[in-house]
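Chemist:
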Amino acid sequence: MKFATLRPAPDQPTLVALIDATGQRYWPLSTLLPDFQGDMQQLIRDWSELGGRIAPKGEGQPLEGTRLEAPLHPHRNMFCVGKNYFEHAAEFSSSGYDSSTSADDVVPKHPIVFTKAWNTLIAHGDEIPRHAGVTEQLDYEAEFAVIIGKGGRGIKKADAYDHVWGYTIANDVTARDLQQRHKQWHLGKSLDGLCPMGPWLVTADEIDRDTATIKCWVNGELRQDARLDQLIFDVPTLIETLSAGIALEPGDVILTGTPVGVGIGFTPPRFLQTGDIVRIEVAGLGTLENRVGR
């Protein structure tokens, strides 16, 4: 199943909706679960009780003409993983922007984990803030994002997928000059609006992780093209690493890293400018598209 959050009108609260298999029609959850009054976070938390009760009734309503909200607003920072594709690790290490490695440590031996603040979240179709005057080096990063369904501490790799509720697409937009200048990555990653997410959430059974691809276009030019099975540290390894000392919670989001082809990988670098359109597609998850604003 696919779930989205809609903004029916500026003066109305967001509406949690169910998307059909084609992604063209939806059913308000208020009609499918009349006793459910929560948000997406609560739906994920209570999935074992609620999931089996959800089934489309009638023809639904057309999604065309509606405005999407970011599908999920987690209650704490998103977990992110750096340099988690071999070719991207090489391009980042040779870019001059990487303060996390040495010449003999291009490929990380352990996951590089940082967080991205909740204030970064925007929806499919929203404008990415340009932040002119704050950064001159705005870059894109197409990412496969994991949504935790069942929390826990000390989760073993063999059990990790039992804790995954589903997936979505994210763009880990980064101010490279801030990332380089401040050494720690949090500031360069966490300016307002620098994490488009969506267009919706997809339950784990909807995607074949072994064959899925992730692609990113900028102004129609294919920049990133990889398979999800090319991750250096796979999803079970990331969950085991994070949960070893941090209790994961339902609704936590893990951004698993970006493949080769980001702006700093070109000579000269190709940073985002006002008017640029970034489109990301993950097989089975849909398409996330955003324009860079002023």
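Residue numbers for the sequence shown follow the UniProt record's numbering, beginning at 1 and rising by one.
C-beta atoms are modelled at their ideal positions from N, C-alpha and C, and glycine is treated no differently.
Given the structure is predicted, the values throughout are model-derived calculations rather than measurements.
Return the CA-CA distance between CYS80 and ARG270, expressed in angstroms with no decimal places.
Modeler: 23 Å
Chemist: With C-beta atoms as the reference, is LEU191 less than 9 Å away from PRO129?
Modeler: Against a cut-off of 9 Å, the Cβ pair of PRO129 and LEU191 comes out as a contact.
Chemist: Leaving out the 5 sequence neighbours to the left and right, which residues in its chain are closer than 6 Å to CYS216 when beta-carbon positions are compared?
Modeler: ALA142, ARG223, GLN224, ILE280
Chemist: Report buried or exposed for ILE214, applying the criterion of at least 16 other Cβ atoms within 10 angstroms of its Cβ.
Modeler: buried
Chemist: Do GLY263 and TYR85 have their C-beta atoms within less than 9 Å of each other?
Modeler: No, the Cβ-Cβ distance between GLY263 and TYR85 is not below 9 Å.
Chemist: Could you check the C-alpha separation between LEU121 and MET78 for me, to the nearest Å?
Modeler: One C-alpha to the other measures close to 10 Å.
Chemist: Contact between the stretch 106 to 118 and the stretch 36 to 54: three or more CB pairs below 8 Å?
Modeler: In short, these stretches do not touch, since the Cβ pair count stays below three.
Chemist: Compare the C-alpha of LEU228 against each of PRO62, VAL260, THR241, VAL218 and name the closest.
Modeler: VAL260
Chemist: How many angstroms separate the CA atom of PHE233 from the CA atom of GLN24?
Modeler: 34 Å
Chemist: Would you check if the distance between the CB atom of ALA170 and the CB atom of PRO199 is smaller than 9 Å?
Modeler: no
Chemist: What are the boundary residues of the alpha helix (DSSP H) that GLN224 is part of?
Modeler: No alpha helix (DSSP H) holds GLN224; the beta strand (DSSP E) holding it covers 221 to 227.
Chemist: Can you have a look at residue 317 and say buried or exposed, based on whether 16 or more other CB atoms are within 10 angstroms of its CB?
Modeler: Residue 317 lies beyond the range of the chain shown here (1 to 294); nothing can be said about it.
Chemist: DSSP puts ALA175 in a beta bridge; with which residues?
Modeler: LEU138
Chemist: In three-state DSSP terms, what is residue 317?
Modeler: No answer is possible for residue 317: it lies beyond the span of the chain, which begins at 1 and ends at 294.
Chemist: With burial defined as no fewer than 16 other Cβ atoms inside 10 Å of the residue's Cβ, what is the status of ASN290: buried or exposed?
Modeler: buried
Chemist: With a CB to CB cut of under 6 Å and the five nearest residues on each side skipped, what residues in its chain are close to ILE54?
Modeler: LEU32
Chemist: Assign ALA123 to one of three DSSP states: helix, strand, or coil.
Modeler: strand
Chemist: Does ASP208 pass the burial test, meaning 16 or more other C-beta atoms within 10 Å, or should it be called exposed?
Modeler: exposed
Chemist: Please state the DSSP three-state secondary structure of VAL107.
Modeler: coil
Chemist: Of the choices SER48, VAL218, GLU127, HIS163, whose alpha-carbon is the least far from that of VAL278?
Modeler: Here the closest residue by C-alpha is VAL218.
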